[in-house]
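Residue numbers (full-length UniProt numbering): 1 to 131.
Contents: one structure, followed by commentary.
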Amino acid sequence: MSKFFKTQWYKIIYVAAVIIYLFFLNGFNHKLLKCNFENSFKLIEYDDYIALKFFAVALIFIFIGVVIISIDIKRLRIGLEDIVEIVSTIIFIVVLFIMITLIIHFIMIPILQAILTCALLVVGACASASN
Numbered sequence: 001m002s003k004f005f006k007t008q009w010y011k012i013i014y015v016a017a018v019i020i021y022l023f024f025l026n027g028f029n030h031k032l033l034k035c036n037f038e039n040s041f042k043l044i045e046y047d048d049y050i051a052l053k054f055f056a057v058a059l060i061f062i063f064i065g066v067v068i069i070s071i072d073i074k075r076l077r078i079g080l081e082d083i084v085e086i087v088s089t090i091i092f093i094v095v096l097f098i099m100i101t102l103i104i105h106f107i108m109i110p111i112l113q114a115i116l117t118c119a120l121l122v123v124g125a126c127a128s129a130s131n
C-alpha cells in the first residue's frame with residue numbers, strides 16, 4: 001500500500017484539487033446564471049474578471065490532467081511490474097478523464113460561451129477594420 005501512495009500521490013492530490021475547484025466553479029456558475037448580464041463582456045468583467053480566472057485555472061487543470069494521462073499511457077506501454085500498479089494506473093486514467101470532462105462541462109456554460117462570444121466579436125471587429 002505504501003508503494004501505491006509513493007507512485008500515485010500526485011494523482012490523488014490532483015483529483016482532490018479538481019473536486020474542490022468544481023465545487024467553487026459550480027457555485028460561481030449558479031451566481032452568474034442568476035445575474036442578468038446585458039452582454040458577454042459584462043459577464044467577463046463581473047467581480048474583477050473572476051470568470052477569466054476560473055477559465056485560466058480550468059485550462060491549467062486540463063493541461064495537468066492530459067500530461068498525467070499521457071505519462072500513464074506511456075508507462076502502461078513500457079510495462080509496469082505488478083498487477084496493483086497496472087490496475088491503479090488504469091483506474092486513475094479513467095478518473096482523470098472523467099475529471100477533465102467535468103471541468104469542460106462546468107466551464108462551458110456560461111463562462112466559455114461568454115469568452116468565445118467576446119473573442120469572436122473582437123476577431124470580427126479586427127477583420128472588418130482591416131478591410
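For glycine and all other residues, C-beta sits at the position ideal for the given N, C-alpha and C.
All of these numbers come straight from a predicted model, not from anything done at the bench.
Legend entry - Pair within 8 Å by beta-carbon distance, residue 134 and Ile107: An answer regarding residue 134 cannot be provided, because it is not within the stretch 1 to 131 covered by the chain.
Legend entry - Rounded separation between Ser70 and Ile50 - CA only: 30 Å
Inset, instruction - Counting only the same chain and skipping the five closest in sequence on each side, list residues whose C-beta sits under 8 Å from that of Ala17. - result: Phe61
Legend entry - Closest by C-alpha distance to Ile100, when choosing among Lys11, Lys3, Leu52, Phe4: Lys11
Inset, instruction - My understanding is that Gly41 touches Cys118, with C-beta atoms under 8 Å, so please give their C-beta distance in whole angstroms. - result: Before going on, a small fix: residue 41 reads as Phe here, not Gly. Rounded, the Cβ-Cβ distance is 6 Å, consistent with contact.
Legend entry - DSSP state of Gly27 mapped onto helix, strand, coil: helix
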